[in-house]
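One structure below.
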Amino acid sequence: MIKKWRPFWSYDLEKTERWLSSFALEGKELVDINLLSRKFIFEEAERKEVEYQIIYDNSKNELPRRLKDSGWENSVSQGKWKFVKNSNNPIEAYPSRDGVLKRNRTHSFVLSCVSLLYGFQLIPFVIAMLSLLIYPEDSTFVPSPLWSITILYFLQVIAVIVLTIYMTRKLRAFDVKFFGASVDAVSSIGTFSKWKFGWMYAPDLLENWLSDMAMQGNQLVRVSKMGTKFVFVKSTPKLISYVYDYQLKASPNYYEVHKSAGWQLKFTSSSWYAKYSIWQKEYEIGEEKPRFTYDSIEKKGQVRKVMLVNVSLVAYFIVILSFALWINLSNYHVYERNTFDQILMGTLFFSSLIPISIVIRTFQYAMRMRKV
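The sequence shown: position 99 = 123 (this note's numbering), numbered continuously.
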């Protein structure tokens, strides 16, 4: 019996499946898995060329007839996880990835929320360390055995943040490969660039701007990963409809449905709390301008979603910044302030203006959409 430990196997299923197949080629057959300890258990067996697939669902039933007819059979089942294998070549049908996607999105959301909280906890710690390094003569270090606990805690905080970044990248790659989330780029380079900041808080203005650019013969090539740089190429004037779409929870077939209807995906965010995308579709003179929906109720529902998430997130940041400002102002006359403290106060004050401007832009967007 052979045991192998893989702590993050469920966040990179393709790699895990290839790993299991390579073990089968070496004559090691998967017989069990301990979900708690994250250990895979193998036994010596005949060398085989086998393809593994990992399924995550609530169903306790056997595999669907379609998969059985394609040669799939159960290898190991634990909880909601099913490890199935197939020795046929070629394989005509594969199990669905929908359950895995939903599960990993939930994990990514929870970990990202925790990381956000941890990130704000790191800020005062980092500021204190910087103050100690920049102005050691004005700082007092008190030795204590409890410092080791503090350091261990912040190491754990950093580990969670790193894990969240790793999960987000793997989930993004998973979306692109299995659910058509790849961006449709016209070419690899463009003629010129335009910078746009905060456009997601005024999506109607962005849509009109991109459509006007297309009518002037400036075709959108791509948008940077951060969503701030728009790259265009000089072309013939065209009528192109642009749609900003906001999804709190995009379904697995979201991208495929719109692409099959003739829409091109130009940008999709990698944010953990929602998916906002930019789509485009060309049309001719005399045709109705293509939209995702023409129903006024659905349009208002989209506006409400944008407002709800933006205002909630901004409110959270305002609370954190207000608390930080209150702490600094309440102790302003207690301790002698150095240049670093004054810079910090100024940074906190101006940072608090950014979320306020976002709220104003969001409400302006809602007021404009009421007239549509």
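Where a beta carbon is used, it is the ideal one built from N, C-alpha and C, also for glycine.
Sorting Phe373, Ile342, Ala238 and Val335 by C-alpha distance to the C-alpha of Arg385 places Val335 at the top. Here the region 221-237 makes no contact with the region 182-200; the two share fewer than three CB pairs at distances below 8 Å.
Lys324 and Lys262 have their C-alpha atoms some 29 Å from each other. Ranked by Cα distance from Ala69, the first of Ser61, Glu50 and Lys329 is Glu50.
Per the DSSP secondary-structure output, Val267 pairs in a beta bridge with Trp303. Per DSSP, the continuous alpha helix (DSSP H) segment holding Phe47 begins and ends at Leu37 to Leu49. Ranked by Cα distance from Val184, the options Lys220, Ser206, Val207 and Leu146 are led by Leu146.
Scanning the region 170-242 for uninterrupted alpha helix (DSSP H) segments of 4 residues or longer gives 171-202 and 227-239, listed from N- to C-terminal end. Classified as buried, Pro379 has 16 or more neighbouring CB atoms from the shown chains inside 10 Å of its CB.
Taking the Cα positions, Ile309 is about 17 Å away from Met237. In the three-state scheme derived from DSSP, where H, G and I count as helix and E and B as strand, Asp56 is classed as strand. Straight-line measurement puts the Cα of Val333 at about 35 Å from the Cα of Thr40.
Here the C-alpha atom of Arg121 lies approximately 15 Å from the C-alpha atom of Trp96.
In this structure, the alpha-carbon of Pro314 lies about 20 Å from that of Val245. Distance between Thr252 and Arg196, taken at the CA atoms: about 19 Å. The beta-carbon separation of Gly241 and Thr260, rounded to 6 Å, stays under the 8 Å limit for a contact. Nearest to Glu67 by C-alpha distance, out of Ser293, Lys194, Leu44 and Phe178, is Leu44.
A distance below 7 Å between beta-carbons, with the five flanking residues on each side excluded, links Phe202 to the following residues of its chain, in chain order: Arg121. Here Val200 has Ser206 as same chain residues with Cβ atoms under 7 Å from its own Cβ, once five neighbours each way along the sequence are excluded.
The secondary-structure analysis by DSSP pairs Tyr142 with nothing; it has no beta-bridge partner. By alpha-carbon distance to Ser83, the top candidate from Tyr177, Lys106, Gly222 and Lys28 is Lys106. Membership of Leu91 in the alpha helix (DSSP H) is indicated by the continuous run Arg89 to Asp93. Per the DSSP secondary-structure output, Leu289 pairs in a beta bridge with Trp303. With at least 16 other beta carbons inside 10 angstroms of its own, Glu75 counts as buried. Apart from sequence neighbours up to five positions away, the residues of its chain that approach Thr215 with a beta-carbon distance below 7 Å are Phe256, Val257 and Lys258, ordered along the chain.
The straight-line gap separating the alpha-carbon atoms of Val124 and Thr371 is approximately 42 Å.
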